[in-house]
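Numbering (UniProt numbering), first residue to last: 1 to 250. Heads up, the thing below is written out as structure tokens.
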């Protein structure tokens with residue numbers, strides 16, 4: 001039902017009667033807190049996508065937290081009225097979360113990450129474009145959630161080398177990370193190379209020497225998305241070596 005503008009409150013009330021429903025995508029719809037109250041009756045929900053739902057608030061999210069304890073996948077991409085209060089409620093009510101997307105929300109702070117750190121099954125976290133997330137917040141969540149596989153930190157401009165050092169120490173299962181437009185330098189990148197499972201990285205800003213050192217040190221890497229300006233900084237023999245190793249640079 002993504003982007004379906006025809007569903008009104010009565011429609012969500014009807015959906016709430018489907019008590020065995022496990023997955024629901026209402027991305028970019030006009031659902032509000034009353035609608036969330038209705039669908040909270042679907043207590044078997046494991047996946048709920050609420051991206052670009054501009055009318056929902058923490059009040060509605062609390063209905064989900066109180067009733068949908070089996071929720072594993074929650075998408076709140078660009079749902080800009082959600083704050084730490086709503087995320088904390090979800091954390092307390094939905095301990096089995098594995099995937100959370102709270103990207104592009106200027107209300108989200110380190111407090112949300114501190115509570116999400118208790119979700120030990122969390123595998124994927126997307127917090128790109130959350131300007132208040134700091135290295136301390138990242139440290140809190142990687143210490144609590146040791147099984148991260150995917151992290152999207154793009155445009156989290158406060159994230160720096162300190163965060164990468166903590167990440168490398170505690171997230172050895174990390175497979176994918178997006179770091180473009182953060183404040184990570186060569187130091188953080190080289191620290192990140194110590195993760196044993198990293199397969200994909202997206203980054204648009206580091207010095208050539210640090211990037212080369214990272215590419216050589218990160219043996220598990222299979223794909224790296226780099227800014228076009230990096231290509232002249234990487235020696236041809238390194239490019240050929242990476243290609244021979246099966247790593248695609250794009």
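Think of the CB as a built atom: it goes at the ideal place given N, C-alpha and C, for glycine as much as any other residue.
Integer-rounded CB distance, given that residue j should sit under 8 Å from residue i
{"i": "residue 165", "j": "residue 201", "result": "With a Cβ gap of about 16 Å, residue 165 and residue 201 do not count as contacting."}
{"i": "residue 112", "j": "residue 87", "result": "4 Å"}
With 16 other Cβ atoms within 10 Å as the buried cut-off, status of residue i
{"i": "residue 63", "result": "buried"}
{"i": "residue 244", "result": "exposed"}
{"i": "residue 206", "result": "buried"}
{"i": "residue 135", "result": "buried"}
{"i": "residue 26", "result": "buried"}
{"i": "residue 154", "result": "buried"}
{"i": "residue 212", "result": "buried"}
{"i": "residue 119", "result": "buried"}
{"i": "residue 229", "result": "exposed"}
Span separating the alpha-carbon of residue i from that of residue j
{"i": "residue 250", "j": "residue 234", "result": "13 Å"}
{"i": "residue 96", "j": "residue 65", "result": "12 Å"}
{"i": "residue 168", "j": "residue 195", "result": "6 Å"}
{"i": "residue 190", "j": "residue 179", "result": "13 Å"}
{"i": "residue 182", "j": "residue 163", "result": "11 Å"}
{"i": "residue 60", "j": "residue 68", "result": "12 Å"}
{"i": "residue 76", "j": "residue 236", "result": "42 Å"}
{"i": "residue 91", "j": "residue 148", "result": "16 Å"}
{"i": "residue 31", "j": "residue 42", "result": "15 Å"}
{"i": "residue 251", "j": "residue 73", "result": "Outside the modelled stretch of the chain, which goes from 1 to 250, sits residue 251, for which no answer is possible."}
{"i": "residue 114", "j": "residue 124", "result": "16 Å"}
{"i": "residue 21", "j": "residue 12", "result": "13 Å"}
{"i": "residue 17", "j": "residue 173", "result": "40 Å"}
Contact under 8 Å by Cβ, residue i with residue j
{"i": "residue 199", "j": "residue 215", "result": "no"}
{"i": "residue 187", "j": "residue 170", "result": "no"}
{"i": "residue 79", "j": "residue 50", "result": "yes"}
{"i": "residue 185", "j": "residue 161", "result": "yes"}
{"i": "residue 127", "j": "residue 145", "result": "no"}
{"i": "residue 39", "j": "residue 15", "result": "yes"}
{"i": "residue 108", "j": "residue 132", "result": "yes"}
{"i": "residue 36", "j": "residue 71", "result": "no"}
{"i": "residue 83", "j": "residue 122", "result": "no"}
{"i": "residue 117", "j": "residue 101", "result": "no"}
{"i": "residue 129", "j": "residue 104", "result": "yes"}
{"i": "residue 203", "j": "residue 226", "result": "yes"}
{"i": "residue 85", "j": "residue 58", "result": "yes"}
Heavy atom of the ligand SAM within 7 Å of residue i beta-carbon
{"i": "residue 46", "result": "Absence of the ligand SAM is noted for the structure shown, with no ligands found whatsoever."}
Short CB-CB distance (under 8 Å) between residue i and chain D
{"i": "residue 94", "result": "Chain labels in this structure do not include chain D; a single protein chain is all it has."}
Any chance you could list the beta strand (DSSP E) runs of at least 3 consecutive residues sitting entirely within the stretch 209–240, in chain order? Counting only runs of 3+ residues, the beta strand (DSSP E) found wholly inside the stretch 209–240 occupies 223–226, in chain order.
At 4 residues or longer, and completely inside the stretch 69–147: list those alpha helix (DSSP H) runs for me, N to C. 84–93, 110–116 and 135–144
Which runs of the beta strand (DSSP E) spanning at least 3 residues fall entirely within the stretch 9–66, listed in chain order? 23–25 and 47–49
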